[in-house]
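To convert, take the position in the sequence shown, counting from 1, and add 244; that gives the working numbering.
Glycine residues also receive a C-beta, built at the ideal position from the N, C-alpha and C atoms.
Quick notes on the structure that follows.
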Amino acid sequence: MKLAVFGNPIEHSLSPSIHTLFAQQTGVQIEYNKILTPVNAFVETAQDFIAQGGKGFNITVPFKVDAFNLATKHSINAQTAGAVNTIKVDGNTLIGENTDGIGLLNDLTKNLGIDLQNKIVLILGAGGATRGILLPLLQQRPAQVMIANRTASKAAQLAKDFESYGETCGFGLEKIKDDPVDIIINATSASLEKQMPNITAGVANNAICYDLMYGKQTPFMDWAQNNNASMVVDGLGMLVEQAASAFEFWTGKQPKTQTVIEAIRALND
Ligand code: NDP
């Protein structure tokens, strides 16, 4: 099966290694390539790949909205996220899926044993990743999901967009109080710039702190450790879990993820 990931940049993508391990484990024959895609030529590059027999592809920064527009049919996760990270080619139909949210959820619940029901969740950031994780998170029936963002209006808008799925609210980062929360998810891209959002330290006390960024000890993880978090985790498990969901979507085979997470962590250290 001919598969690929489209992005720009794409050189450091771990997706080929992850999918190759899934393929070995499940006995499915795949060819999975990284395709460096010019920023203004996503559609042409994807169409070329399909014309050459491509059956499925992942999409990463900055093309997830372009992929949403290219897809001719959308899953509920893709629809609510307004972004697509996985496309399956089914004859003339391009089915768009978003596996980021389910990837996070599987890492939290299956791998880390965290039950989200009745919990208070604080998400930092209101960009594409937050939009992708909100529906699967709210489906676990937490007591409340608070969204705090540098640009307060974006957090308020997201909270409003998802209010029919559960208890949500949105505000600026400076409004975060020292009141206890159960889980803090860093979905800002601040870690990419080696920065930590400027928020009060007391909120980390006894909270599970999860950074969507993976592979490095991030400033958010340092902050959490220094402020008495109960658990500090990076997003590598989410990366492997979102890939597992994509692999199953394409092949119908559900790979086991634990050994793959360990192998990818060793590769990336
Ligand atoms: P976007 O560019 O869509 O959004 C970035 C968000 O970060 C915005 O809310 C922005 O605030 C905020 N932000 C950026 N810099 C700072 C800063 N210095 N201080 C405070 N807030 C800041 O990015 P995405 O949502 O697509 O991605 C977010 C992160 O999630 C990335 O690190 C990405 O790598 C990671 N990710 C990980 C995945 C995984 O599988 N583990 C999957 C998907 C994403 P504002 O609105 O004010 O600009």
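In terms of Cβ geometry, I420 and I452 do not form a close pair [threshold 9 Å].
Taking one beta carbon from each stretch, the segment 462-478 and the segment 428-444 have 3 or more pairs nearer than 8 Å; the two touch. In this structure, V476 has its beta carbon at no less than 8 Å from each heavy atom of the ligand NDP. Counting only the Cα atoms, P463 lies some 6 Å from K438. With a cutoff of 9 Å on beta-carbon distance, F493 and K332 are scored as near each other. By the neighbour-count criterion, in which 16 or more other beta carbons inside 10 Å mark a residue as buried, I505 falls on the buried side. CA-CA distance, G446 to P424, rounds to 8 Å.
Straight through space, the alpha carbons of G300 and Q361 are spaced by roughly 34 Å. Straight across, the Cα-Cα distance linking L338 with M245 is about 16 Å.
Within the same chain, L258, S261, I262, L480 and V484 come within 7 Å of I508 by CB-CB distance, once the 5 residues on both sides are set aside. Distance check between G271 and each of N450, G496 and R385 places G496 closest, using alpha-carbon atoms only. A Cβ-Cβ contact shorter than 9 Å links F406 with L378. Relative to the ligand NDP, R394 has its C-beta within less than 8 Å of a heavy atom. In the three-state scheme derived from DSSP, where H, G and I count as helix and E and B as strand, H256 is classed as coil. For Q469, the enclosing alpha helix (DSSP H) covers residues P463 to N470.
In the three-state reduction of the DSSP assignment, V365 falls in the strand class, which pools E and B.
For L349, the Cβ stays outside the 8 Å cut-off from all heavy atoms of the ligand NDP.
Taken through DSSP and simplified to helix, strand or coil, K500 comes out as coil.
Counting along the chain, the unbroken alpha helix (DSSP H) around N321 starts and ends at I320 to A325. By the Cβ rule, the segment 340-360 counts as touching the segment 307-318, because three or more pairs are nearer than 8 Å. In this structure the segment 384-400 does not touch the segment 314-332; the number of beta carbon pairs closer than 8 Å is below three.
D334: member of the beta strand (DSSP E) spanning T330 to D334, first to last residue.
Relative to the ligand NDP, the beta carbon of N355 is positioned no closer than 8 Å to any heavy atom. Leaving aside the five residues that flank W467 on each side, the residues in its chain whose CB is nearer than 6 Å to its CB run, in chain order, M440.
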